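**Q** Chains as they are written, first to last, in the numbering used here: chain A, 194 to 376; chain B, 237 to 458.
Now the structure itself:
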């Protein structure tokens, strides 16, 4: 069954169809939340909240956009709300995370990659409200600007402008940690 | 090896396995929301508050007044003045008042006059005082404040300072116009800084017909 059919069935109250929809989309929802928030537990919470909210407002869903886009919009909104609650601050040296990677028996390349990944996640999570989501959607998940505008509820032009600002800020904040790796 | 920012981000991207949230979500959506009854309670409370507020803000005139039965009284006949003595058309006030002109008032009306006692005229100490009869001190025209339309004008000249020594001073007279037959009663009372003027003008009272005249009729015996 396609997304449209499953959604139509779920809208008429079929819980089984909605369960199938969750199975199809939960990984992408979790990945998006994890990339924006940089924390697995928070991402899992957001994943649950997203599907609960989607079920409650499923009747208001109109098929002018793809179901996945609508779902990711809910995900981004939940992430931003959680970020506001948590007030993530970029704090100093990320020692805990680096220590955790350094004690695992992994190769040098893998360790470097893990270290860089941890730093990037923390820096993205500490970016201002929409900037983190923009970086994730465009630079990591490589979505089109139309889709990004749909998810963030803004115009394509606004998404482009904000993305350039977000990239500039991200570069400034990453440079102290990965200066030798960046062009 | 140096990389572009986008490249670096993609290479550093590492997402752990997603947990299966289906059972948790199903459990949450199958139980009724606990917030719903509260939402209804809040909505009802808001509606009640709005109704009470609207009722409180309504102007009193729009509220339905309770029906009150009013008993109409028969109009009282005009009082007859027992003894009316013939007086000159314009009665001169007593000498204590230098000047007083009172316009006839159609209805009794009370006026409140703000009064300021006149300042005594200071004279130089070394000046030779020649005893002369001093005219009464003219006070500025008093301000008359009434709540109704201006129907009466009173010009009052106060007596000399010696007469005003006491705090309370009152004066009254009754005048009768021989042409129209109207009787005007005037009373002026001052206490402290306030002056109360009471005036009442009454039409000529019809005197009972004299026995033997055309208007006098005896009642037929039953």
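In this text, a Cβ means the ideal position worked out from N, Cα and C, and glycines have one as well. This structure is a prediction, so every number in the text was calculated from the model and none was measured.
(1) Taking 7 Å as the CB-CB cut-off, is residue 275 of chain A touching chain B?
(2) Going by the DSSP bridge assignment, what does residue 408 of chain B pair with across the sheet?
(3) Residue 280 of chain B: buried (16+ other C-beta within 10 angstroms of its C-beta) or exposed?
(4) To the nearest angstrom, report how far apart residue 346 of chain A and residue 218 of chain A are at their CA atoms.
(5) Could you list the residues in the region 239 to 264 of chain A with a C-beta less than 8 Å from some C-beta on chain B, going in chain order?
(6) Which residue comes first and which comes last in the alpha helix (DSSP H) that contains residue 351 of chain A?
(7) For a quick check, are the C-beta atoms of residue 212 of chain A and residue 258 of chain B less than 7 Å apart?
(8) Alpha carbon to alpha carbon, how far is residue 253 of chain B from residue 220 of chain A?
(9) Output, in sequence order along the chain, the residues in the region 337 to 348 of chain A whose CB is closer than 7 Å to any CB in chain B.
(10) Closer than 8 Å is the cut-off here; do at least three beta carbon pairs connect the region 224 to 236 of chain A with the region 315 to 333 of chain A?
(11) If contacts are defined as beta-carbon pairs under 8 Å, then residue 360 of chain A and residue 328 of chain A qualify, I think. What distance do you get, rounded to the angstrom?
(12) Would you say residue 298 of chain A lies against chain B (beta-carbon separation less than 7 Å)?
(13) List, from N- to C-terminal side, the alpha helix (DSSP H) runs of 4 residues or more that fit wholly inside the region 309 to 345 of chain A.
(14) Residues of chain A with CB closer than 8 Å to the CB of residue 260 of chain B, please, in chain order.
(15) Rounded to whole angstroms, what is the Cα-Cα separation between residue 236 of chain A and residue 282 of chain B?
(16) Can you tell me the Cβ-Cβ gap for residue 322 of chain A and residue 273 of chain A, rounded? I've got them flagged as a contact below 8 Å.
(17) Taking residue 265 of chain B and residue 245 of chain A to be in contact with their CB atoms under 8 Å, please state how far apart those CB atoms are, rounded to whole angstroms.
(18) Check whether the Cβ of residue 274 of chain B lies closer than 7 Å to any Cβ atom in chain A.
(19) How many angstroms separate the CA atom of residue 286 of chain B from the CA atom of residue 293 of chain B?
(20) Identify, in the order they occur along the chain, each residue of the same chain with its Cβ nearer than 6 Å to the Cβ of residue 368 of chain A, setting aside the five sequence neighbours on each side.
(21) Rounded to the nearest angstrom, what separates residue 276 of chain B and residue 214 of chain A at their Cα positions?
(22) Hey, is residue 292 of chain B close to the ligand COA, as in C-beta under 6 Å from one of its heavy atoms?
(23) So, does the CB of residue 233 of chain A fall closer than 7 Å to a CB anywhere in chain B?
(24) Smallest Cα separation from residue 249 of chain A: which of A:207, A:233 and A:370?
(25) Mind checking which residues open and close the alpha helix (DSSP H) that includes residue 440 of chain B?
(26) Within the continuous alpha helix (DSSP H) that includes residue 136 of chain A, where are the two ends?
(27) Quick one: which chain A residues come within Cβ less than 9 Å of residue 265 of chain B?
(28) Cα separation between residue 311 of chain A and residue 372 of chain A?
**A** Put simply:
(1) Working through the first chain from its first residue, we reach residue 275 of chain A at position 82. So no, residue 275 of chain A is outside the interface.
(2) Position 172 of the second chain, counted from the start, is the residue given in the question as residue 408 of chain B. For residue 408 of chain B, which the question treats as bridged, DSSP gives the partners B:423.
(3) Looking up residue 280 of chain B in the second chain gives position 44. Flag for residue 280 of chain B reads exposed.
(4) As a working mapping, residue 346 of chain A is identified with position 153 in the first chain. As a working mapping, residue 218 of chain A is identified with position 25 in the first chain. Each residue's alpha carbon lies about 21 Å from the other.
(5) 240, 241, 244, 245, 248 and 249
(6) Here residue 351 of chain A corresponds to residue number 158 of the first chain, with the count starting at 1. Taken as a continuous stretch (DSSP letters only), the alpha helix (DSSP H) holding residue 351 of chain A covers 349 to 371.
(7) Mapped onto the first chain, residue 212 of chain A falls at position 19. Mapped onto the second chain, residue 258 of chain B falls at position 22. For residue 212 of chain A and residue 258 of chain B, yes; Cβs fall inside 7 Å.
(8) Your numbering for residue 253 of chain B matches position 17 in the second chain. Your numbering for residue 220 of chain A matches position 27 in the first chain. Each residue's Cα considered, the two are about 8 Å apart.
(9) none
(10) yes
(11) Start at 1 with the first residue of the first chain, and residue 360 of chain A comes out as number 167. Start at 1 with the first residue of the first chain, and residue 328 of chain A comes out as number 135. So it is a contact: roughly 7 Å between Cβ atoms.
(12) Walking along the first chain from the start, residue 298 of chain A turns up at place 105. Because residue 298 of chain A sits at a pLDDT of 43, beneath the cut-off of 50, its placement in the model cannot be relied upon, and the following sentence gives the value as read from the coordinates. Residue-level contact by beta carbon fails for residue 298 of chain A and chain B, as no gap is shorter than 7 Å.
(13) Here the runs fully enclosed are 322 to 328 and 338 to 345.
(14) As a first step, residue 260 of chain B must be located in the second chain, where it is residue number 24. What residue 260 of chain B touches in chain A, judged by beta-carbon distance under 8 Å, is 241, going in chain order.
(15) Position 43 of the first chain, counting from 1, holds the residue named residue 236 of chain A. Position 46 of the second chain, counting from 1, holds the residue named residue 282 of chain B. Answer to the nearest angstrom: the Cα atoms are 37 Å apart.
(16) Position 129 of the first chain, counted from the start, is the residue given in the question as residue 322 of chain A. Position 80 of the first chain, counted from the start, is the residue given in the question as residue 273 of chain A. The pair is a contact, with the Cβ atoms about 6 Å apart (cut-off 8 Å).
(17) In the second chain, residue 265 of chain B corresponds to position 29, counting from 1. In the first chain, residue 245 of chain A corresponds to position 52, counting from 1. Confirmed, about 6 Å.
(18) What you label residue 274 of chain B is simply residue 38 of the second chain in a count that begins at 1. Answer no: the Cβ-Cβ gap between residue 274 of chain B and chain A never drops below 7 Å.
(19) Counting from one through the second chain, the residue named residue 286 of chain B turns up at place 50. Counting from one through the second chain, the residue named residue 293 of chain B turns up at place 57. One C-alpha to the other measures close to 10 Å.
(20) As a working note, residue 368 of chain A is residue 175 in the first chain. No residues qualify anywhere along the chain.
(21) Walking along the second chain from the start, residue 276 of chain B turns up at place 40. Walking along the first chain from the start, residue 214 of chain A turns up at place 21. Residue 276 of chain B and residue 214 of chain A: Cα-Cα distance of roughly 31 Å.
(22) For the structure depicted, the ligand COA is absent and the ligand set is empty, with no information on it obtainable.
(23) Numbered from 1 along the first chain, position 40 holds the residue referred to as residue 233 of chain A. With 7 Å as the cut-off, residue 233 of chain A counts as an interface residue toward chain B.
(24) As a first step, residue 249 of chain A is located in the first chain; it is residue number 56 there, counting from the start. For the residues A:207, A:233 and A:370, the minimum Cα distance to residue 249 of chain A belongs to A:207.
(25) The residue you call residue 440 of chain B lines up with position 204 of the second chain. Unbroken run through residue 440 of chain B: none, as it is neither H nor E.
(26) Lying before the first or after the last residue shown, residue 136 of chain A is absent from chain A, which here runs from 194 to 376.
(27) For the purposes of this step, residue 265 of chain B is taken as residue 29 along the second chain, with counting starting at 1. Going along chain A in sequence order, the residues near residue 265 of chain B (Cβ under 9 Å) are 208, 211, 244, 245, 248 and 249.
(28) Taking the first chain and counting its residues from 1, the one referred to as residue 311 of chain A is at position 118. Taking the first chain and counting its residues from 1, the one referred to as residue 372 of chain A is at position 179. In this structure, the straight-line span from the alpha carbon of residue 311 of chain A to that of residue 372 of chain A is close to 15 Å.
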